[in-house]
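Using the working numbering, the first residue of the sequence shown is number 1, and each one after it goes up by one. All C-beta atoms, glycine included, are put in the ideal place defined by N, C-alpha and C. Values in this document were obtained by computation on a predicted structure and should not be read as measured data. Working notes, structure below.
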Amino acid sequence: MNDKILGIILVIGSVTLGLLNAIYIEGILTNASVFISLPSFVFVVVMAFGLSYIDRFRGSNKDWNNIIRKNMIIAGWIGLIIGVQITFFRSVNYPDITQDMFWKSTILGLGYSLNFLLYGYILSPILSALLKK
């Protein structure tokens, strides 16, 4: 169990250090809070466990950790697709928006939509390791 905890700390630490390096040392014009989204996190976790429950209910003989690993990434992709759709459908509600504002809003929405995928790929090995027998 100590190896799992150490691995989780290393994964989360490396992602955090990479983001902080890009923001504060390389000078990317953003802040760390754009990568933190509780609704995205909850969506990915609940969707992944729901998909895993369906796989388990169908009688899959795979280990629970392998099912979670696969479905966590799928949940991230589903969240990304939903986020992209919301981004593009939102722009239709503002017919008199300038082109500059449209592109800024679209790029910002796509950036936030990528949080789903980020959480799916990061949580996949973490939860898989925690659930491994």
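{"Check": "Cβ separation of residue 122 and residue 8, assumed to be a contact under 8 Å, to the nearest whole Å", "Outcome": "Actually they do not touch by this definition, with Cβ atoms about 10 Å apart."}
{"Check": "Close-in-space but distant-in-sequence residues of the same chain around residue 72 (CB under 7 Å, 5 per side omitted)", "Outcome": "44, 48, 120, 123, 124 and 127"}
{"Check": "Residue environment, residue 12, which counts as buried when at least 16 other CB atoms sit within 10 Å", "Outcome": "exposed"}
{"Check": "Cα-Cα separation, residue 36 to residue 111", "Outcome": "12 Å"}
{"Check": "Burial state of residue 67 (16 or more Cβ within 10 Å)", "Outcome": "buried"}
{"Check": "Candidates 90, 88 and 51: closest to residue 75 by CA position", "Outcome": "51"}
{"Check": "Beta-carbon proximity check, residue 192 vs residue 83, cutoff 8 Å", "Outcome": "Within the shown structure, residues of the chain are numbered from 1 to 133, placing residue 192 beyond reach of any answer."}
{"Check": "Buried versus exposed, by CB contacts within 10 Å (16 or more), residue 90", "Outcome": "exposed"}
{"Check": "Start-to-end residues for the alpha helix (DSSP H) that takes in residue 119", "Outcome": "99-131"}
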